[in-house]
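First up is the structure itself, then whatever we jot down about it.
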Amino acid sequence: MDRGRKAMPVQNKACNARYIKTCQEMHKKKLRDMKCSIDNKMPATASHFKTNAKKNAIMEERFATIERENRMLLEKMSYIMRFKGGIDNKNDSLQYGRSLNKDCRKRELQKITKQNQLILRRIQEATPTFDHLQWAEEARVNDGFMQNICEFQPQTLKRMTGLGLDDGADDLDEVDFS
């Protein structure tokens, strides 16, 4: 009990205690059964916001146009299959029968082909100016120098050994670097 009630004079202490107890139980029950006074539910949306009538009408019109074009295309194809039966890309006109500069173009093409063959033959018969075997040997010797100079193994050597590209890197000790 709180001090305010203790200080108030009462006729019967037992009846007052029972009254206070029932009042407190009613208060606890009201607190337990209390509903919120703030409405935090989602507001009801209008039905015309859910369905976009104009968009649906445009889509229906588009689908109707596509259906109409498909039907027309199907009718044209069935007509071609029934009556013509083949491809109609023949042109029997004399206007397109023969080209006037066909012989000139043919001679020009033969001349270019002959020049290309001569260039190819010269390229194939030319001796190479660079020796790739000598380059590989020089690279191996330079890697040996690098390994002797460095305290730790350089990244390039680690990468080459990881790829299996070290062609004889183990016998660097036998190479004379002088």
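Using the numbering used here, the first residue of the sequence shown is number 23, and each one after it goes up by one. In this text, a Cβ means the ideal position worked out from N, Cα and C, and glycines have one as well. Since the structure is predicted, the reported quantities are computational estimates derived from the model, not experimental observations.
Going by DSSP in three states, residue 125 sits in which element: helix, strand or coil? For the purposes of this step, residue 125 is identified with residue 103 of the sequence shown, where counting begins at 1. Here residue 125 sits in helix by DSSP.
What residue ranges within the stretch 40-120 form continuous alpha helix (DSSP H) runs of no fewer than 4 residues, ordered along the chain? Counting only runs of 4+ residues, the alpha helix (DSSP H) found wholly inside the stretch 40-120 occupies 69-72, 75-101, in chain order.
In whole angstroms, what is the alpha-carbon distance linking residue 93 and residue 100? In the sequence shown, counting from the first residue as 1, residue 93 sits at position 71. In the sequence shown, counting from the first residue as 1, residue 100 sits at position 78. Taking the straight line joining both Cα atoms gives about 11 Å.
Alpha-carbon spacing of residue 102 relative to residue 85, whole angstroms: By one-based count along the sequence shown, residue 102 stands at place 80. By one-based count along the sequence shown, residue 85 stands at place 63. C-alpha separation (whole angstroms): 26 Å.
Is DSSP giving residue 165 helix, strand or coil here? Residue numbering aside, residue 165 sits at position 143 when the sequence shown is read from its first letter. Shown here, residue 165 sits in a helix according to DSSP, grouped into three states.
My output table needs one value for residue 175: the three-state DSSP class, helix, strand or coil. Counting from one through the sequence shown, the residue named residue 175 turns up at place 153. Under the three-state reduction of DSSP output, residue 175 falls in the coil class, being neither helix nor strand.
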